[in-house]
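Below: the structure, in structure tokens.
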Amino acid sequence: MDKVKKTAMQFGFDKSQRLLQPTDFKSVFDTPDFKVHEANLMFFVKINQQRKNNRLGLAITKKKIKHANQRNRLKRLVREYFRLHQHDFLYTNVGFDVVMIVKAGTQNLSNNAIGSQIQAGFHQITHKSQRFFTKNCQNETLVG
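In numbering that gives the first Met the number 0, the protein residues as written are 0 to 143.
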């Protein structure tokens, strides 16, 4: 039983892993460290030095996806992927704030098609973050 609880805790998705406040969303949208584009999805990523955990925000508007059940399906797919793969892009003493927005027409895609775009997006986030840290570490060693 304890092993099950530990696993659930490691792969949970609680409030501390969500962007909830409008100011948090605004911060990511206004000054992202980098962006990732997929065919139907767009990710804004901001590195948050004050936090150690990654946080996810979803901006899935009624204007782009008309029906609530379709918006909820997209949210469910993204949250599940993030929950299971959040440990793939962990760095010491640094957290990522990721906001995902959808483009029009996403509701017509199958779960597998959306899942592959989500996977590709988070894969790009991992690679771009590694380049970002490599570049910044080199700049700091050159200055210091």
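In this text, a Cβ means the ideal position worked out from N, Cα and C, and glycines have one as well.
query: Beta-carbon proximity check, Gly114 vs Tyr80, cutoff 8 Å; result: yes
query: Distance between Asn71 and Gly63 (C-alpha atoms, nearest Å); result: Gly is not the amino acid found at residue 63; the sequence shown has Lys there. Answer to the nearest angstrom: the Cα atoms are 13 Å apart.
query: Cβ shell of Asn53 (< 6 Å), same chain only, five flanking positions each side left out; result: Gln85, Gly94, Phe95
query: Contact under 8 Å by Cβ, Arg180 with Phe12; result: For residue 180 there is no data in the structure shown, the boundaries of the chain being 0 and 143.
query: C-beta atoms of Val27 and Ile59 nearer than 8 Å; result: no
query: Leu19 vs Leu55 beta-carbon contact at 8 Å; result: no
query: Supposed contact pair Thr133 and Asp87 - C-beta distance, whole angstroms, cut 8 Å; result: Not quite, the Cβ-Cβ distance comes to about 17 Å (not below 8 Å), so this is no contact.
query: Beta-carbon proximity list for Phe131, same chain, < 8 Å, skipping 5 on both sides; result: Asp32, Phe33, Ile46
query: Distance between His66 and Val214 (C-alpha atoms, nearest Å); result: The question about residue 214 has no answer, for the chain in this structure spans 0 to 143.
query: Option in Gln118, Lys14, Asp29, Lys127 with minimal Cα separation from Leu83; result: Gln118
query: Segments assigned beta strand (DSSP E), at least 3 residues, entirely inside the stretch 74-112; result: 94-101
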